[in-house]
Amino acid sequence: MAEFMSLRDAVAHCIGDGDRVAMEGFTHLIPHAAGHEVIRQQRKHLTLVRMTPDIIYDQLIGMGCADKLVFSWGGNPGVGSLHRFRDAIENKWPQPLDIEEHSHAAMANAYEAGAANLPFAMMRGYLGADLSLVNPNIRSVTCPFTGEVLAAMPAIRPDVAVIHALRADREGNVLLEGITGVQKEAVLASKRAIVTVEEVVDTFGPTNRNAVILPSWTITAVCVVPGGAHPSYAQGYYSRDNSFYIAWDAISRDRDSFLAWMTRHVLEQGPEAFAVHARPAKASKLS
Amino acid sequence: MAEFMSLRDAVAHCIGDGDRVAMEGFTHLIPHAAGHEVIRQQRKHLTLVRMTPDIIYDQLIGMGCADKLVFSWGGNPGVGSLHRFRDAIENKWPQPLDIEEHSHAAMANAYEAGAANLPFAMMRGYLGADLSLVNPNIRSVTCPFTGEVLAAMPAIRPDVAVIHALRADREGNVLLEGITGVQKEAVLASKRAIVTVEEVVDTFGPTNRNAVILPSWTITAVCVVPGGAHPSYAQGYYSRDNSFYIAWDAISRDRDSFLAWMTRHVLEQGPEAFAVHARPAKASKLS
Amino acid sequence: MSAATANHTPTEMMTIAAARALRNEDVCFVGIGAPSAACNLARLTHAPNITLIYESGTIATRPTVLPLSIGDGELCDTALTTVSVPEMFRYWLQGGRISVGFLGGAQIDRFANLNTTVVGAYDAPKVRLPGGGGAPEIASNCQEIFIIMAQSKRAFVDRLDFITSMGHGRTGVERRAMGIKTKGPTRLITDMAIYAPDPETCEMSVVSIHPGISRSQIEDSLGWPVRYAAEVVETPSPTHDELEVLRDMQARTRQAHQQS
Amino acid sequence: MSAATANHTPTEMMTIAAARALRNEDVCFVGIGAPSAACNLARLTHAPNITLIYESGTIATRPTVLPLSIGDGELCDTALTTVSVPEMFRYWLQGGRISVGFLGGAQIDRFANLNTTVVGAYDAPKVRLPGGGGAPEIASNCQEIFIIMAQSKRAFVDRLDFITSMGHGRTGVERRAMGIKTKGPTRLITDMAIYAPDPETCEMSVVSIHPGISRSQIEDSLGWPVRYAAEVVETPSPTHDELEVLRDMQARTRQAHQQS
Chain F
1 MAEFMSLRDA VAHCIGDGDR VAMEGFTHLI PHAAGHEVIR QQRKHLTLVR MTPDIIYDQL
61 IGMGCADKLV FSWGGNPGVG SLHRFRDAIE NKWPQPLDIE EHSHAAMANA YEAGAANLPF
121 AMMRGYLGAD LSLVNPNIRS VTCPFTGEVL AAMPAIRPDV AVIHALRADR EGNVLLEGIT
181 GVQKEAVLAS KRAIVTVEEV VDTFGPTNRN AVILPSWTIT AVCVVPGGAH PSYAQGYYSR
241 DNSFYIAWDA ISRDRDSFLA WMTRHVLEQG PEAFAVHARP AKASKLS
Chain U
1 MAEFMSLRDA VAHCIGDGDR VAMEGFTHLI PHAAGHEVIR QQRKHLTLVR MTPDIIYDQL
61 IGMGCADKLV FSWGGNPGVG SLHRFRDAIE NKWPQPLDIE EHSHAAMANA YEAGAANLPF
121 AMMRGYLGAD LSLVNPNIRS VTCPFTGEVL AAMPAIRPDV AVIHALRADR EGNVLLEGIT
181 GVQKEAVLAS KRAIVTVEEV VDTFGPTNRN AVILPSWTIT AVCVVPGGAH PSYAQGYYSR
241 DNSFYIAWDA ISRDRDSFLA WMTRHVLEQG PEAFAVHARP AKASKLS
Chain X
1 MSAATANHTP TEMMTIAAAR ALRNEDVCFV GIGAPSAACN LARLTHAPNI TLIYESGTIA
61 TRPTVLPLSI GDGELCDTAL TTVSVPEMFR YWLQGGRISV GFLGGAQIDR FANLNTTVVG
121 AYDAPKVRLP GGGGAPEIAS NCQEIFIIMA QSKRAFVDRL DFITSMGHGR TGVERRAMGI
181 KTKGPTRLIT DMAIYAPDPE TCEMSVVSIH PGISRSQIED SLGWPVRYAA EVVETPSPTH
241 DELEVLRDMQ ARTRQAHQQS
Chain W
1 MSAATANHTP TEMMTIAAAR ALRNEDVCFV GIGAPSAACN LARLTHAPNI TLIYESGTIA
61 TRPTVLPLSI GDGELCDTAL TTVSVPEMFR YWLQGGRISV GFLGGAQIDR FANLNTTVVG
121 AYDAPKVRLP GGGGAPEIAS NCQEIFIIMA QSKRAFVDRL DFITSMGHGR TGVERRAMGI
181 KTKGPTRLIT DMAIYAPDPE TCEMSVVSIH PGISRSQIED SLGWPVRYAA EVVETPSPTH
241 DELEVLRDMQ ARTRQAHQQS
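Protein chains in written order, with our numbering: chain F, 1 to 287; chain U, 1 to 287; chain X, 1 to 260; chain W, 1 to 260.
Okay, here's the thing in structure tokens:
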């Protein structure tokens, strides 16, 4: 059963140095507050897994938390490069960063295989793509009926999944809605799971019978962190802060300005700093 | 894009003799009206695919529509045997019935693989089970990373899927809710799809953002057949007619009483006979 | 708990003994019929927070009446949420998230292998049974398996014509030999006794005898020479509470299933 | 359609030419940026029923403003429904249900192979680009591929350091040789011209030149000797309608993205 705890306790309890950690959220519901807490607690030697290592992983990488990155698209969505990610790969700053690179389809399938407790995933993919030449974790499997050769990759089985969700009920069941990405799979594929939520409610009320709900017993810790996805968004709560994504380009381009920003906005803050972003969105219907 | 048409036209247009047909619906939303129309149009030599060939397939088999059955559990749920299914296998009446038998997990995975356009599905399954000794379509595949051996089965790719859904909008998009079984996978795995619905609405109204909706362009024909799932049920419309399932045991036990029932209730009727069942359910919330 | 009573049927004793084996923290994959009655009785008595999952996709369901089918609307209406059947078998069952799988069967052998497929030859069956459904993978993917079946010589047979779902294997060693990490059948609850696997041989051995049942009654309704564990106790009689909750549930159920 | 106009930028011409290539009945897998602009312009002009799918899971979405990211809330709010990312890649893309995949890239070669991974060696890159994302499987699983990219010698190169997603293959024959049944890149739309694969060699060849662009301009912004199709036409100028709808959409978008 999930325990309600502070984000500080959840990170202290669930994430250790050297862990394989998947912070997921596909554009929507990215667990920024949790990422900041990991930085504040100075976790080291992490293997970070994420389809789209955008700002949240740029920050973790730039602060030296990661030894390795498993990913499929590393950019600032709609804006351009991730400068800390590039600086780590191109210049080994602040430390070298190993990478294991896949395609989106491969990562999505590998999470799915992890949730399904399979050792590997398969797909019709990587045809004519050079990534299979540089990643030894891209192999093949042959259909025992047709002889067709398919691409294969190991299932993703992280030590810890970290996601942000809309709300929890008092039992610690968690509701997601909207763009749910690979979060459900990431939680089910992981040994432990931290879920930050916008709020706790007595009941989810009348939901669709097929609502995306993670039962309490699939989760280790639930932490109430309103606004905790900012500058990502929480559908029905607040919109994506596209202007921050644009601003991040300048903040992160330079090592000093990056460190200054991180000191002021992360190291000297706590999870409660996110609450200011938790206002209802103008452009988004409440669900 | 889906075309709205009568059930008679849809069956005439989509299902031919010898086709591989999957009528799906896991307890909920079983397309009984469509099954009856196939019987009335006297389709022959069908390969019928269905996880749980309950009453609907008992009727098709007893009326001689099927040469082969692909299935994983053939019983009258909660009641007992399917007498027409047993009579066909044990006594070849009214004609011999080939079977290809799987487990539920295998069938579910094989539909999933069909929807995903994979040639086969794999699972951790059939361990120590004799079914793998008698079904040549149960094979194995070896994980290229761990060496683990997994069970493999061919993807299910029917010629036609037939399902019942709650409602369609004017564009022919179709909404399911509740126990959705393998219906979405069956439609996406098939070359053609017939969907019968309780009603057509102008819009689905405020739905969950992750509602189970099949877009119009995945469907061949949409047919409005209120009550068309009876004695199965349509969540929010009418309840499962458990007393009919219990009554079917006596009706179907004897060949003559079966044929008499089929003549009176199927051959001499049309899809509109189902409308009487389409009253709102007492026990079920409207969605 | 109220006082014990002797005024109960063997089937009631079986259901109640099965219910008692379940724990409040279990996540249980529930078969229809006797398993469903036992699981819901547990939920309505000592295990209010038990999580019940039916293969139709309903997760954490709390039915008021017992479902006739594995997918009655009642299961969906009272569930936390409902997922697709492929997801159920992939993420939840194969995913290793189920602590107890609760099975019944047409036939069983001493190593708790089950047959629900055919009596006679597969290609020319004397009796064609419904088939495996979810059982083959429930048997291997749940952390442990409870089996509930009324005893009879027809059902408890020396040798199965067909193993639909493996218990401990044809000779009791196969399951271990295959390296399967889940425990397999740890409890067989009948209308006469409770069995558990012998630690050495994995043969299902009597560990508890229901009140009023003799050893010879047990032995006469089995197709093999029954073994007893070193220590055999008497199953506590049903309590008033247990019986009352069970009978209420079944009365509600009968009434509901007569409505069309 | 209103009268044509010469008062437009090369980027506007590119977007409009790309939009025109889309049909009302297409199911389109949309990349962010220029592809998204072209697809939504098509939807707001001649193809009102086109189905737009973004890899974030949004199916049949109708955004009022262009998304900055592949998963802005606007896409979800205006979608028919939204599915998980694994489902998107398994059932919808790999499922073969997409008629047109719309890609951009950092670099392209004459056979429409794309590089969005690295400039330089993979292990010691001069420039580390974002990587493939959905592109490798979009390239092989969609029935055909449209590519939209502004021409420059840096982007249109003689030889790619890395093939992120295959067009027609390193020498134009690999795709066919592998027996891939989808068509691959059938159109490359730039700010200067429209290219289509040569029926024999699969080399992308100019089939239409945008108004006001000369052959030498095209040739000066490419890293290979450009080929022309047997018949080369002039791209019709943007109409007033097309330009107005495009500019309105981009003004709305700019305004929306400045809000936090």
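Backbone N, C-alpha and C define an ideal beta-carbon position, used for all residues, glycine too.
Per DSSP, cross-strand counterpart(s) of residue i
| i | result |
| --- | --- |
| Cys-223 (chain U) | U:Thr-196 |
| Ala-234 (chain F) | F:Tyr-238 |
| Asn-76 (chain U) | U:Gly-80 |
| Cys-14 (chain U) | The partner list for Cys-14 (chain U) (beta bridge, DSSP) is empty, contrary to what the question assumes. |
| Arg-128 (chain W) | W:Val-118 |
| Gln-183 (chain U) | Partner(s): none; Gln-183 (chain U) has no beta bridge. |
| Met-204 (chain X) | X:Pro-197 |
| Ala-107 (chain X) | First, the amino acid is wrong: residue 107 (chain X) is Gln here, not Ala. According to DSSP, Gln-107 (chain X) bridges with X:Asn-115. |
| Met-23 (chain F) | F:Val-162 |
Residue i in three-state terms, based on DSSP
| i | result |
| --- | --- |
| Ile-162 (chain W) | The sequence as given places Phe at residue 162 (chain W); Ile does not occur at that position. Of the three classes helix, strand and coil, the one that applies to Phe-162 (chain W) here is coil, per DSSP. |
| Thr-218 (chain F) | helix |
| Gly-67 (chain U) | Note that residue 67 (chain U) is Asp in the sequence shown here, rather than Gly. In this structure, Asp-67 (chain U) counts as strand in the three-state DSSP scheme. |
| Ala-296 (chain F) | Look at the range of chain F in this structure, 1 to 287, and you will see that residue 296 (chain F) is not part of it. |
| Val-173 (chain W) | coil |
| Leu-29 (chain U) | coil |
| Tyr-57 (chain F) | helix |
| Arg-167 (chain U) | strand |
| Ser-2 (chain W) | Any answer about Ser-2 (chain W) is weak, because its pLDDT of 41 lies below 50 and its placement is not dependable; what the coordinates show is given next. Coil, per DSSP. |
| Ile-246 (chain U) | helix |
| Gly-261 (chain W) | The structure shown does not extend to residue 261 (chain W), since chain W is modelled only from 1 through 260, so no value can be given for it. |
| Phe-204 (chain U) | coil |
| Val-157 (chain X) | coil |
Any non-hydrogen atom of the ligand GDP within 8 Å of residue i CB
| i | result |
| --- | --- |
| Val-70 (chain F) | The ligand GDP is absent from the structure shown, which contains no ligands of any kind. |
Span separating the alpha-carbon of residue i from that of residue j
| i | j | result |
| --- | --- | --- |
| Glu-148 (chain U) | Phe-145 (chain F) | 19 Å |
| Val-267 (chain F) | Arg-40 (chain F) | First, the amino acid is wrong: residue 267 (chain F) is Leu here, not Val. Looking at the two C-alpha atoms, the distance is approximately 6 Å. |
| Thr-78 (chain W) | Arg-252 (chain W) | 16 Å |
| Ala-19 (chain W) | Ala-38 (chain W) | 5 Å |
| Ala-278 (chain W) | Gln-183 (chain U) | In this structure chain W extends from 1 to 260, so residue 278 (chain W) is not present and cannot be described. |
| Ser-287 (chain F) | Glu-198 (chain F) | For Ser-287 (chain F), the predicted model reports a pLDDT of 38, less than 50, meaning its position is unreliable; a value from the coordinates is still stated below. Distance between the alpha carbons of Ser-287 (chain F) and Glu-198 (chain F): 13 Å. |
| Gly-78 (chain F) | Arg-176 (chain X) | 54 Å |
| Ala-10 (chain U) | Ala-221 (chain U) | 6 Å |
| Lys-282 (chain U) | Gly-236 (chain U) | For Lys-282 (chain U), the pLDDT reaches just 45, beneath the cut-off of 50, and the residue's location in the model is therefore unreliable, although a value from the coordinates is still provided. About 9 Å. |
| Leu-150 (chain U) | His-104 (chain U) | 16 Å |
| Asn-24 (chain X) | Arg-254 (chain X) | 27 Å |
| Pro-197 (chain X) | Arg-187 (chain X) | 7 Å |
| Val-201 (chain F) | Arg-170 (chain F) | 7 Å |
Within chain F, partners of residue i - CB distance below 9 Å
| i | result |
| --- | --- |
| Thr-182 (chain X) | Within 9 Å Cβ-Cβ: nothing; Thr-182 (chain X) doesn't reach chain F, min ~11 Å. |
Beta-carbon neighbours of residue i, restricted to chain X and to distances below 8 Å
| i | result |
| --- | --- |
| Leu-188 (chain F) | Tyr-91, Gly-95, Arg-97 |
Chain-ordered chain U contacts of residue i [CB-CB under 8 Å]
| i | result |
| --- | --- |
| Asn-40 (chain X) | Here the premise fails: no neighbours, minimum Cβ distance about 14 Å. |
Partners in chain X for residue i, counting only beta-carbon separations shorter than 9 Å
| i | result |
| --- | --- |
| Phe-288 (chain U) | Any answer about residue 288 (chain U) is impossible in this case: the structure gives chain U only from 1 up to 287. |
| Thr-289 (chain U) | With chain U covering only 1 through 287, there is no way to say anything about residue 289 (chain U). |
Under 8 Å from the C-beta of residue i: neighbouring residues of chain F
| i | result |
| --- | --- |
| Phe-162 (chain W) | Asp-130 |
Contact list for residue i against chain W, beta-carbon separation under 8 Å
| i | result |
| --- | --- |
| Tyr-245 (chain F) | Leu-68, Ser-69 |
| Val-134 (chain F) | Tyr-122, Asp-123 |
Chain U residues whose Cβ lies nearer than 7 Å to that of residue i
| i | result |
| --- | --- |
| Asn-173 (chain F) | What Asn-173 (chain F) touches in chain U: nothing, since even the nearest Cβ is about 16 Å away. |
| Met-178 (chain X) | Leu-127, Gly-128 |
Amino acids of chain W, ordered along the chain, whose beta-carbon sits closer than 7 Å to that of residue i
| i | result |
| --- | --- |
| Trp-217 (chain U) | Val-27, Thr-51 |
| Ile-213 (chain U) | Leu-80, Thr-81 |
Unbroken alpha helix (DSSP H) runs of length 4 or more, entirely within the stretch 105 to 138 of chain F: which are they?
-> 131 to 134
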